[in-house]
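A.B. asks: Each residue of the sequence shown is one higher than the one before, starting from 8 at the first, in my numbering. For each residue, glycine too, the CB sits at the ideal point set by N, CA and C. Treat the numbers as computed from the prediction; the structure is a model and nothing was measured. Input: one structure, supplied below.
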Amino acid sequence: MLENMVTLLNIIIATLFVSLLSFAGLFIFSQKAKAQKIMEATISLAAAVLLANVFFELLPELMSMSQAQNQNDAFQTVSAWILVSIILFILAEKYLHWHHCHHHHDSEKNIHPMGYNVLIGDGLHNFVDGMVIASSFMLGTNIGLITTVAIALHEIPQEVGDFSLLLHAGFNRTKALIFNFISGMLAVLGGISAFFYGQSASHQLALTALATGSFLYISLSDIIPRLHQQNSKHYLQQLIWFFIGLVIVFLANRFFHE
Numbered sequence: 008m009l010e011n012m013v014t015l016l017n018i019i020i021a022t023l024f025v026s027l028l029s030f031a032g033l034f035i036f037s038q039k040a041k042a043q044k045i046m047e048a049t050i051s052l053a054a055a056v057l058l059a060n061v062f063f064e065l066l067p068e069l070m071s072m073s074q075a076q077n078q079n080d081a082f083q084t085v086s087a088w089i090l091v092s093i094i095l096f097i098l099a100e101k102y103l104h105w106h107h108c109h110h111h112h113d114s115e116k117n118i119h120p121m122g123y124n125v126l127i128g129d130g131l132h133n134f135v136d137g138m139v140i141a142s143s144f145m146l147g148t149n150i151g152l153i154t155t156v157a158i159a160l161h162e163i164p165q166e167v168g169d170f171s172l173l174l175h176a177g178f179n180r181t182k183a184l185i186f187n188f189i190s191g192m193l194a195v196l197g198g199i200s201a202f203f204y205g206q207s208a209s210h211q212l213a214l215t216a217l218a219t220g221s222f223l224y225i226s227l228s229d230i231i232p233r234l235h236q237q238n239s240k241h242y243l244q245q246l247i248w249f250f251i252g253l254v255i256v257f258l259a260n261r262f263f264h265e
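This is the structure in structure tokens:
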């Protein structure tokens, strides 16, 4: 009983630490003179981090989960959940566009639907991160600590990118910080949920697939097209930051698996 309580306490502390990384964007954007340049760079970084998380982390994790379930239709189930996620985001964005055009208030009229999609997708991913951290601590404290550090390494650039995307979508700094923190706190909820109810592999499979579809949709439908609309003189900087994002997530995941 005491061991379980210690494990739960470790999970809460670790997921809370990861959640607090949502404040990383505030420190980077604290200097207004450099905020615009930083925003352009971190949008490129965010696109890379989202795609890298899909191909270096989420898809391999989904394949591992599918094999562990040892079901013939596991891969079809994963594909279906990813498609469902993309369809849900299409419907959500269409609704937000419609709401934006017909029922917006002055304080909300400059908010682009991408911002809400970023919050939803990042929230799902944070929830799954919390489940991963909890599962690791249930295997052992050392494994849990290593997992927390690895997740933190790729959460920092992702949270900075999310913060910049919320600013780019029209949120002011205060709202971007609050909503990004609420999204980050879902890691704590995911960790606690995994501790009590995480024995069901199918639930974790569906959540991971939903996060995968959301990241694909946000990066390919929202972020990358916006990069193409930026000043063509900055294309080299965009490419550099994009590849930096890929390398950071790749190294973080290599460290995690080792």
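Determine the closest residue to Ala294 out of Ser143, Ile93, Phe178, Leu28, with distance taken between C-alpha atoms.
C.D. replies: With the chain running from 8 to 265 in the structure shown, residue 294 is simply not present.
A.B. asks: For Ile127, I'd like the list of residues in its chain whose CB is within less than 8 Å of its CB, leaving aside the five on either flank, ordered along the chain.
C.D. replies: Within the sequence shown, residue 127 is the residue found at index 120, counting from 1. The answer, listed in chain order, is Phe96, Ala99, Ser221.
A.B. asks: How about Asn187 and Phe203: are their beta carbons less than 7 Å apart?
C.D. replies: As a first step, residue 187 is located in the sequence shown; it is residue number 180 there, counting from the start. As a first step, residue 203 is located in the sequence shown; it is residue number 196 there, counting from the start. Contact: no.
A.B. asks: Drop a sphere of 10 angstroms on the beta-carbon of His235, count the other beta-carbons inside from all chains shown, and report buried for 16 or more, exposed for fewer.
C.D. replies: As a working note, residue 235 is residue 228 in the sequence shown. Looking at its Cβ environment, which holds fewer than 16 other Cβ atoms inside 10 Å, His235 is exposed.
A.B. asks: Assuming Ser26 and Ala194 are in contact, meaning their beta carbons sit under 8 Å apart, how far apart are those beta carbons, in whole angstroms?
C.D. replies: Within the sequence shown, the letter at position 19 stands for residue 26. Within the sequence shown, the letter at position 187 stands for residue 194. Right, their Cβ atoms sit about 5 Å apart.
A.B. asks: On the three-state DSSP scale, how would you describe Phe250?
C.D. replies: As a working note, residue 250 is residue 243 in the sequence shown. Correct three-state label for Phe250: helix.
A.B. asks: Just the C-alpha distance for Gly191 and Ala54, rounded to the nearest angstrom, thanks.
C.D. replies: Here residue 191 refers to the residue found at position 184 of the sequence shown. Here residue 54 refers to the residue found at position 47 of the sequence shown. When rounded, the distance between both Cα atoms is 18 Å.
A.B. asks: Hey, is Asn124 close to the ligand PLP, as in C-beta under 6 Å from one of its heavy atoms?
C.D. replies: This structure simply doesn't include the ligand PLP, nor any ligand for that matter.
A.B. asks: Entirely within the stretch 178-205 and at least 4 residues each: give me those alpha helix (DSSP H) ranges in chain order.
C.D. replies: Counting whole runs of 4 or more residues, the stretch 178-205 contains the alpha helix (DSSP H) stretches 180-204.
A.B. asks: With Ile199 and Ile19 assumed to form a contact (beta carbons below 8 Å), what rounded beta-carbon distance in angstroms separates them?
C.D. replies: Translated into positions along the sequence shown, residue 199 becomes position 192. Translated into positions along the sequence shown, residue 19 becomes position 12. Right, the Cβ-Cβ distance comes to about 7 Å (below 8 Å), so this counts as a contact.
A.B. asks: For Tyr224, does the count of other Cβ atoms within 10 angstroms reach 16, so buried, or fall short, so exposed?
C.D. replies: Taking the first residue of the sequence shown as position 1, residue 224 is located at position 217. Buried: at least 16 other Cβ atoms inside 10 Å.
A.B. asks: Grouping DSSP H, G and I as helix and E and B as strand, with all else coil, what is His119?
C.D. replies: Position 112 of the sequence shown, counted from the start, is the residue given in the question as residue 119. Here His119 sits in coil by DSSP.
A.B. asks: Along the chain, where does the alpha helix (DSSP H) that runs through Val25 open and close?
C.D. replies: Counting from 1 along the sequence shown, the entry for residue 25 is found at position 18. It spans 9-27 - the alpha helix (DSSP H) in which Val25 sits, taken as one unbroken run.
A.B. asks: Determine, using beta carbons only, whether Ala168 and Leu52 come nearer to each other than 7 Å.
C.D. replies: Taking the sequence shown and counting its residues from 1, one reaches residue 168 at position 161. Taking the sequence shown and counting its residues from 1, one reaches residue 52 at position 45. Rather than Ala, the amino acid found at residue 168 in this sequence is Gly. Yes, these two residues count as a Cβ contact at 7 Å.
A.B. asks: Candidates Ile247, Met70, Ser228, Gln245: which alpha carbon is nearest Lys101's?
C.D. replies: Sequence index remark: in the sequence shown, residue 101 carries index 94 (1-based). Answer by Cα proximity: Ser228.
A.B. asks: Out of Phe257, Leu16, Leu65, point me to the one whose CA is closest to Val135's CA.
C.D. replies: Residue 135 sits at position 128 when you count from the first residue of the sequence shown. Taking only the C-alpha atoms, the option nearest Val135 is Leu65.
A.B. asks: Cβ atoms of Val85 and Ala216: under 7 Å apart, would you say?
C.D. replies: Position 209 of the sequence shown, counted from the start, is the residue given in the question as residue 216. Position 78 of the sequence shown, counted from the start, is the residue given in the question as residue 85. Yes, the Cβ-Cβ distance between Ala216 and Val85 is below 7 Å.
A.B. asks: Spatial neighbours of Asp113 within its chain, please: CB distance less than 8 Å, with the 5 preceding and 5 following residues excluded, ordered by chain position.
C.D. replies: Against the sequence shown, residue 113 aligns to sequence position 106. Any reading at Asp113 must be qualified, since the residue scores a pLDDT of 44, below 50, and its modelled position is unreliable; the value itself is stated next. Nothing meets the Cβ criterion.
A.B. asks: I need the straight-line Cα distance from Glu166 to Phe249, nearest angstrom please.
C.D. replies: Along the sequence shown, one-based indexing puts residue 166 at 159. Along the sequence shown, one-based indexing puts residue 249 at 242. Answer to the nearest angstrom: the Cα atoms are 15 Å apart.
A.B. asks: Excluding five sequence neighbours on each side, which residues of the same chain lie with their C-beta closer than 7 Å to the C-beta of Ala213?
C.D. replies: Mapped onto the sequence shown, residue 213 falls at position 206. So the qualifying residues of the chain are Trp88.
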